[in-house]
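If you're matching positions, the sequence shown starts at 1304 in the working numbering and goes up one per residue.
A virtual CB, placed ideally from N, CA and C, is assigned to each residue, including glycine.
Keep in mind that this is a model prediction, so the values were computed, not measured.
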Amino acid sequence: MAYASRPVSVTVAICIPPLDDELTESSGERQLYKAFRSGLGDDYLVVHSVKWIAKPHGIGPRDGEVDFLICRPHYGLLIIEVKGGGVVLDYTTGRFVSIDRQGEEHAIKTPFEQGMKGKFAILEKLKESPLWRGKVLVGARRAFFPDDLDRVDGLVGPDAPREIIDGDGT
């Protein structure tokens, strides 16, 4: 007995801008972008490298950028900061350091503060728009460390509960 094949419907997230491996220096961002594109449904909008300008408390302006802004209707916004390499937190100074493949250390911004500032700046920008004024906007943040799964538990702190730290794309 022959069976008629059914067309398979595959839905993927809407990702903008299209990924350009040459322009995206971060291998962690490329890895996560590809995971979002293939792993999320078409009700997700994933925006990579979102730049913003904010005036916190009427003071400013201050510039910033978030690695990923994920939007899903009826759920809200998720801001994700990606930090590649081996990431270490020096608890005595509160500074973050990334260790590259050659073993060299590079001072980096705290991904948790970066995500928090980005989340509030983007929510404030949306509230300025007549389309969003008066509406409840929900935002969350996460930090993704693709190269150093063994150390992510060492990054947990008061401003960084384990629930917002990821290293394997789940």
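**Prompt:** Roughly how far, in whole angstroms, is the beta-carbon of D1456 from the beta-carbon of G1389, given that I think they are within contact range, below 8 Å?
**Reply:** As a working mapping, residue 1456 is identified with position 153 in the sequence shown. As a working mapping, residue 1389 is identified with position 86 in the sequence shown. In fact, because the Cβ distance is near 14 Å, the residues do not count as touching under 8 Å.
**Rounded C-alpha distance that separates R1340 from D1346** = Position 37 of the sequence shown, counted from the first residue, corresponds to residue 1340. Position 43 of the sequence shown, counted from the first residue, corresponds to residue 1346. For R1340 and D1346, the distance between alpha carbons rounds to 11 Å.
**Item:** Pairwise C-alpha distance: K1422 and I1468
**Value:** On the sequence shown, residue 1468 is found 165 positions in, with the first residue counted as 1. On the sequence shown, residue 1422 is found 119 positions in, with the first residue counted as 1. The alpha-carbon atoms of I1468 and K1422 are separated by roughly 16 Å.
**Request:** Check each candidate in H1360, I1356, E1416, K1386 and name the one with the smallest Cα separation from P1461.
**Result:** Here residue 1461 refers to the residue found at position 158 of the sequence shown. Measuring from the Cα of P1461, the nearest candidate turns out to be E1416.
**Message:** Suppose you measure from the CA of V1369 to the CA of I1382; what does that come to, to the nearest Å?
**Reply:** Taking the sequence shown and counting its residues from 1, the one referred to as residue 1369 is at position 66. Taking the sequence shown and counting its residues from 1, the one referred to as residue 1382 is at position 79. When rounded, the distance between both Cα atoms is 7 Å.
**Asked** Quick one: what does DSSP say L1335 is sitting in, helix, strand or coil?
**Response** On the sequence shown, position 32 is the one that residue 1335 refers to. Residue state, collapsed to three classes: helix.
**Asked** Nearest to K1428 by alpha carbon, out of Y1394, L1380, L1348?
**Response** Taking the sequence shown and counting its residues from 1, the one referred to as residue 1428 is at position 125. Nearest C-alpha to K1428: L1380.
**Prompt:** What number of angstroms, rounded off, separates the C-alpha of V1439 from the C-alpha of F1371?
**Reply:** Counting from 1 along the sequence shown, the entry for residue 1439 is found at position 136. Counting from 1 along the sequence shown, the entry for residue 1371 is found at position 68. Going by the C-alpha atoms only, they are around 21 Å apart.
**Request:** Measuring alpha carbon to alpha carbon, tell me which of I1425, L1392, K1420 ends up nearest H1409.
**Result:** Taking the sequence shown and counting its residues from 1, the one referred to as residue 1409 is at position 106. Cα-wise, what sits closest to H1409 is L1392.
**Request:** Could you check if G1342 is buried or exposed, using at least 16 other CB atoms within 10 Å of its CB as the buried criterion?
**Result:** Your numbering for residue 1342 matches position 39 in the sequence shown. Per the 10 Å Cβ criterion, exposed.
**Asked** Can you give, in chain order, each stretch of the alpha helix (DSSP H) that sits fully within the region 1373 to 1435 and has at least 4 residues?
**Response** 1414 to 1431
**Prompt:** Helix, strand or coil: how does DSSP classify E1328 here?
**Reply:** Numbered from its first residue, the sequence shown carries residue 1328 at position 25. The answer is coil: DSSP assigns E1328 none of H, G, I, E or B.
**Asked** Does the beta-carbon distance from F1448 to G1367 come in below 9 Å?
**Response** Taking the first residue of the sequence shown as 1, we reach residue 1448 at position 145. Taking the first residue of the sequence shown as 1, we reach residue 1367 at position 64. It is not a contact, given that the beta carbons lie outside the stated cut-off.
**Message:** Do A1357 and K1420 have their beta-carbon atoms positioned less than 9 Å apart in this structure?
**Reply:** Walking along the sequence shown from the start, residue 1420 turns up at place 117. Walking along the sequence shown from the start, residue 1357 turns up at place 54. Yes.
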